[in-house]
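Heads up, the thing below is written out as structure tokens.
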Amino acid sequence: MKTEYLIAINALAYLSDHQGYISSDELAHKIGSNAALIRKVMLKLKKTKLIKTKVGAMGGYYLSESAKKITLDQILQACEEHDLIKINNGKPIYDERLAIVQTRLNAVCVDLSVLCHQRLNTITLADLCMNKEEGDTY
Numbered sequence: 083m084k085t086e087y088l089i090a091i092n093a094l095a096y097l098s099d100h101q102g103y104i105s106s107d108e109l110a111h112k113i114g115s116n117a118a119l120i121r122k123v124m125l126k127l128k129k130t131k132l133i134k135t136k137v138g139a140m141g142g143y144y145l146s147e148s149a150k151k152i153t154l155d156q157i158l159q160a161c162e163e164h165d166l167i168k169i170n171n172g173k174p175i176y177d178e179r180l181a182i183v184q185t186r187l188n189a190v191c192v193d194l195s196v197l198c199h200q201r202l203n204t205i206t207l208a209d210l211c212m213n214k215e216e217g218d219t220y
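Oh and the sequence shown: position 9 is 91 in the working numbering, straight run, nothing missing.
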């Protein structure tokens, strides 16, 4: 998975466990990233209305809705990650037989991507954040 998607999931999970506004510096420290990358990812999450922000010294980020309503697929879409599984490196294949194999393999990847999106749409942020006492199924 891409770095931005993992950062987004971890940032949203952290926000779901805390009240009030959380700064990009705090998120960066807790996630093990840098504040600039956190701000870049959080901007994407804000554009899709998964989070709200407040500017200023006491500002930061907070979830715009319950973690139970946010799916992993929504987070993925917010991060603009559409190709979950991609085999082709973009370089041309000059052998005709191998080009056919690559075309068929790409079709398999598209099918797998559809299945992944369907599955991610059934898992919420709250599902990932559940404690064992709350009936963790993962």
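Even glycine gets a Cβ: it sits at the ideal position worked out from N, Cα and C.
{"Asked": "Could you check if Glu147 is buried or exposed, using at least 16 other CB atoms within 10 Å of its CB as the buried criterion?", "Found": "exposed"}
{"Asked": "Relative to the C-alpha of Thr130, which candidate in Ile152, Ala139, Cys198, His111 has its C-alpha closest?", "Found": "Ile152"}
{"Asked": "Measuring alpha carbon to alpha carbon, tell me which residue in Leu94, Ala189, Asn203, Arg201 is nearest Leu145.", "Found": "Leu94"}
{"Asked": "Starting from the Cα of Leu97, find the closest Cα among Cys198, Ile175, Thr135, Thr185 and give me that residue.", "Found": "Thr135"}
{"Asked": "Give every residue of the same chain whose Cβ lies closer than 7 Å to the Cβ of Ala181, excluding the five residues on either side of it in the sequence, and list them in chain order.", "Found": "Ile175"}
{"Asked": "Taking the alpha helix (DSSP H) that Thr85 belongs to, which residues open and close that run?", "Found": "85-98"}
{"Asked": "Got a sec? Which residues, its chain only, sit under 7 Å from Ala90 by beta carbon, not counting five neighbours each side?", "Found": "Val123, Leu127, Ile157, Ala160, Cys161"}
{"Asked": "In terms of residues, what are the limits of the alpha helix (DSSP H) holding Leu119?", "Found": "117-129"}
{"Asked": "Which class does Ile133 belong to by DSSP, given the choice of helix, strand or coil?", "Found": "strand"}
{"Asked": "For Gln101 and Tyr143, I'd like the C-alpha separation in whole angstroms.", "Found": "10 Å"}
{"Asked": "Which whole-angstrom value is the C-beta distance of Thr206 and Lys150, which I expect to be below 8 Å?", "Found": "5 Å"}
{"Asked": "Which one of Gly138, Tyr87, Leu154 has the shortest CA to CA distance from Ser106?", "Found": "Gly138"}
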